[in-house]
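Contents: one structure, followed by commentary.
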Amino acid sequence: MIRGLALAPALALLLQAVPGLAQEPARPAAVEVTPATLELAVGEARSLSARGLDAVGRSIAGAIVRWFSANPDVAVVDEAGVVTAVRPGEARIAAVVNGVAAFATVAVPELPPASIELTLPGGDVPAGASAPLAVAVRTRLGDPLPAVAVTFASSDESVARVDATGRVYGRRPGQAVIRATAGGASAETRVRVVENPAASYELRATATTARTGDVIRMHVRGRARDGREVTGFRPEWSVSGVGAQSEAEGGAGVFVAERPGRYTVTALIGEGRAETVVLDITERGPGGRLLKVGRGPASTHHSADTWVFTGVDGRDYAIVGTFMHDWAKVWDVTDPAAPVLTDSVQLDARRINDVKIHPSNRLGVLTREGASNRRNGIVILDLSTPAHPKILSEYTATVTGGVHNVWITADPDLVYACHNGTSDLAGGRARR
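Here our numbering is used: the first residue of the sequence shown is -6, the next is one more, and so on.
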């Protein structure tokens, strides 16, 4: 069992809006939830119980318990305290008795792999070269499993070998089937190995000297015996030492260093074949560093996403969403060293996750989760007076399960919202 503490200000504000709360019994000294922790499989349900306790630990007769989920995308709870697991993750379930809450933690284990998408982007593999497979493992809900172990096998290793990371190495012209397996799921793709016209290779970089933070792009080029340039190689990139990284972007390599020094970048072309380049990186200097110039404190709750924009009055503003709180904060950041809180916008929500501003800077969009009436969705703001936004309208019809991310565009005026309940992307027109 777990004993509760005084309710956080954010949830307290939410409870004040619940009809009939003022008529509940006296405020308890503590709240007790049983069980305090539980594990549920996706779709499984279990009842929680809660009671309010007085100062000497006795149950308060007639106490009304109200239930809330802090993570409704993971688990939901009904008025009777029945918790149902929705998706893998961890959720906190609050039992509230007259402004005092206690929490139970619900763990929902990850689902096993149900399907694998397996492709070889870029087409054929030249003999003596290599290319990475694209692998996506998903659960039956369609959720990706990026960390799951996948094993690979080739039907003919004399034509194409595949390593433990899913990189295919062409050995001789021909065809082979590559099979990927994860748990009880599997998939196959056919790979064709073709003749490689390249007799030699060269690794080219857009620069060999740069400053920290600069981006250097690299490509492998082949040269045929008749002098023709051969392209289309997809090497594996690595970098020596710490303080820098090199990643693949299509067939190119992208290098960025956070620390000055000399780095050797290697492009693994195929089995036993690699090319290298040495890059010298110097410190960017104080003018290129990110420095904190100011802070607007919000000590009673966590902040969520932020959007900074220039208002129609010519001043700079930041609208900040909040976590486990029902207010969005509006800051004047014209002087970034001294942000000024100009206003707040209250919503029926427990999370205001995302903030986006229309390119005209006259409209804003807030996302909403955890509404007391379970009508979540998005809220449109009128920013004609940017220091004091007004709620212009809201949309909940097809996104009642909550919205986590949102985008707003111009020409045409559209809003795209990610629906937490279904993982769908909804779109609609945004007009004043």
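The beta carbon of each residue, even a glycine, is placed where N, CA and C say it ideally should be. Just so it is clear, the structure is predicted and the values come from calculations on it, not from any experiment.
First through last residue of the beta strand (DSSP E) which encompasses residue i
i: L272; result: 266 to 275
i: L374; result: 370 to 375
i: P21; result: Neither: P21 is in no beta strand (DSSP E) and is coded neither H nor E.
i: T335; result: 333 to 339
i: L33; result: L33 -> no beta strand (DSSP E), and no H or E assigned at all.
i: V69; result: 68 to 70
i: R218; result: Unbroken run through R218: none, as it is neither H nor E.
i: A175; result: 167 to 175
i: V143; result: First-last for V143: undefined, no H or E at that position.
i: G163; result: 160 to 163
i: A153; result: 153 to 155
i: R367; result: Where R367 is concerned, there is no enclosing beta strand (DSSP E), given that its DSSP letter is neither H nor E.
i: S231; result: 229 to 232
i: E240; result: 237 to 242
i: N398; result: 396 to 402
i: A260; result: 254 to 263
Beta-carbon spacing of residue i, residue j below 7 Å
i: T182; j: L113; result: yes
i: R59; j: V89; result: yes
i: A241; j: W230; result: yes
i: V396; j: I371; result: yes
i: D156; j: A169; result: no
i: A122; j: F248; result: no
i: T327; j: N346; result: no
i: G357; j: L376; result: yes
i: S239; j: T257; result: no
i: G176; j: V118; result: no
i: G167; j: V186; result: yes
i: G215; j: A191; result: yes
i: P379; j: Y310; result: yes
Identified DSSP bridge partners for residue i
i: R131; result: S108, P137
i: H295; result: F316
i: I57; result: Answer by DSSP bridge pairing: none, since I57 is not bridged.
i: V348; result: L359
i: P119; result: V187
i: H381; result: None; H381 has no bridge partner.
i: S42; result: T27
i: G82; result: V101
i: V208; result: V249
i: S52; result: L46
i: R343; result: According to DSSP, R343 bridges with nothing at all.
i: F96; result: A87
Rounded C-alpha distance that separates residue i from residue j
i: A95; j: P290; result: 27 Å
i: T158; j: A178; result: 17 Å
i: V408; j: R266; result: 49 Å
i: V338; j: P382; result: 7 Å
i: T335; j: A29; result: 41 Å
i: R288; j: H295; result: 14 Å
i: G92; j: G45; result: 11 Å
i: V161; j: G135; result: 26 Å
i: G76; j: A142; result: This sequence places Val at residue 76; Gly is not what is there. Computed Cα separation, rounded: 31 Å.
i: K349; j: D325; result: 16 Å
i: A410; j: D298; result: 15 Å
i: G304; j: P405; result: 21 Å
i: A68; j: I262; result: 47 Å
i: L104; j: A87; result: 25 Å
i: R172; j: G82; result: 30 Å
i: A217; j: L196; result: 15 Å
i: R154; j: R221; result: 28 Å
i: L41; j: N366; result: 21 Å
i: A19; j: A48; result: 12 Å
i: D32; j: R344; result: Note on residue identity: the sequence assigns Glu, not Asp, to residue 32. The straight-line gap from Cα to Cα measures roughly 24 Å.
i: T202; j: G278; result: 15 Å
i: R133; j: V79; result: 13 Å
i: Y194; j: N369; result: 57 Å
i: P139; j: A180; result: 16 Å
i: V313; j: A43; result: 34 Å
i: R308; j: V301; result: 11 Å
i: G36; j: R85; result: 17 Å
i: N354; j: G115; result: 41 Å
Any non-hydrogen atom of the ligand SAM closer than 6 Å to residue i Cβ
i: A410; result: Absence of the ligand SAM from the depicted structure is noted, as is the absence of any ligand whatsoever, leaving it without description.
Exposure label - residue i; buried when at least 16 CB within 10 Å
i: D273; result: exposed
i: S151; result: exposed
i: A38; result: exposed
i: V99; result: buried
i: I53; result: buried
i: A15; result: With a pLDDT of 44 at A15, under the threshold of 50, the modelled position of this residue cannot be trusted; read the value that follows with caution. By the 10 Å Cβ count, A15 comes out exposed.
i: D71; result: exposed
i: E25; result: buried
i: S62; result: buried
i: P137; result: exposed
i: I384; result: exposed
i: E17; result: Here E17 scores only 45 on pLDDT, less than 50, and its place in the model is too uncertain to base an answer on.
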